[in-house]
Each structure stands twice: as C-alpha cells, then as structure tokens.
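Its first residue numbered 141, the sequence shown is counted upward by one per residue in the working numbering.
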Amino acid sequence: MNAAIPLIFAALLFCIGVYGVLSRRNAVMVLMSVELMLAAVTINFVTLGAVAPAGEFPHVGQIFALFILAIGAAEVGIGLAIVLLLYRNRATVNIDDADLMKY
C-alpha cells in the first residue's frame, strides 16, 4: 500500500483544522476544527498501522483510532455543554467574550 496519499491528505486536513482554530471566533467552528484535527490523527494511525510490518500487534493503528473516536465524542459532549452555557449566560458564542470573568 502506498502510504503517501493518505498521509498527505491527513496533513492537509490537519492544517485546515489548525487554521480554523487560529482564525475563527465562533466557538462551534473552533470545535469543528478540533474535530478535523482529530480526524487527521485518526487517518495517520490507521495508515501507519496498515503499512507497519505484521508483528506482535497487527491492528494497533485501528485500536488507537477507536480510542481517538471515543475521546472525540467526549470532547464534543463537554465542548457543546460549555458553548450552551456560554450562550445562555452571554447570549453569544464569540470566544473573545468567554474570557471575561463574571462577578
């Protein structure tokens, strides 16, 4: 299997995610960009697990991918709860307004 194409795709996906995190002000868009970065890491693990020599653990890339999916699901649940609380308290999901302390 030629690993160059999936690895280049994952690098492109990761770069798009980093750009989204650094340039967006909307909290939901930042969460979507983080999910893009997690998807890129998952593609890397599956690709490198497929091209690795068959040793003692032949499916280690796929196992790591399952763990990343579970972490991503937990991140979405907690992140959306934080965004909903931010919207309820401030009536906006702008990240710049999230750093103000409520007293």
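We treat Cβ as the ideally placed atom computed from N, Cα and C, and that holds for glycine.
DSSP beta-bridge partners for residue i?
i      : result
Asn229 : Per DSSP, none; premise fails for Asn229.
Asn234 : Asn166
For residue i versus residue j, is the C-beta distance shorter than 9 Å?
i      : j      : result
Asp237 : Arg230 : yes
Leu153 : Glu215 : no
Leu176 : Gly201 : no
Phe197 : Phe185 : no
Ile235 : Ala167 : yes
Thr232 : Leu224 : no
Relative to the C-alpha of residue i, which candidate in the options has its C-alpha closest?
i      : options                        : result
Ile148 : Ala205, Ile218, Thr187         : Thr187
Ala151 : Ala180, Ala192, Ile208, Ala221 : Ala180
Ile183 : Leu206, Gly217, Thr232         : Leu206
Asn142 : Thr232, Gly189, Val233         : Gly189
Leu209 : Val174, Ala144, Leu224, Leu226 : Val174
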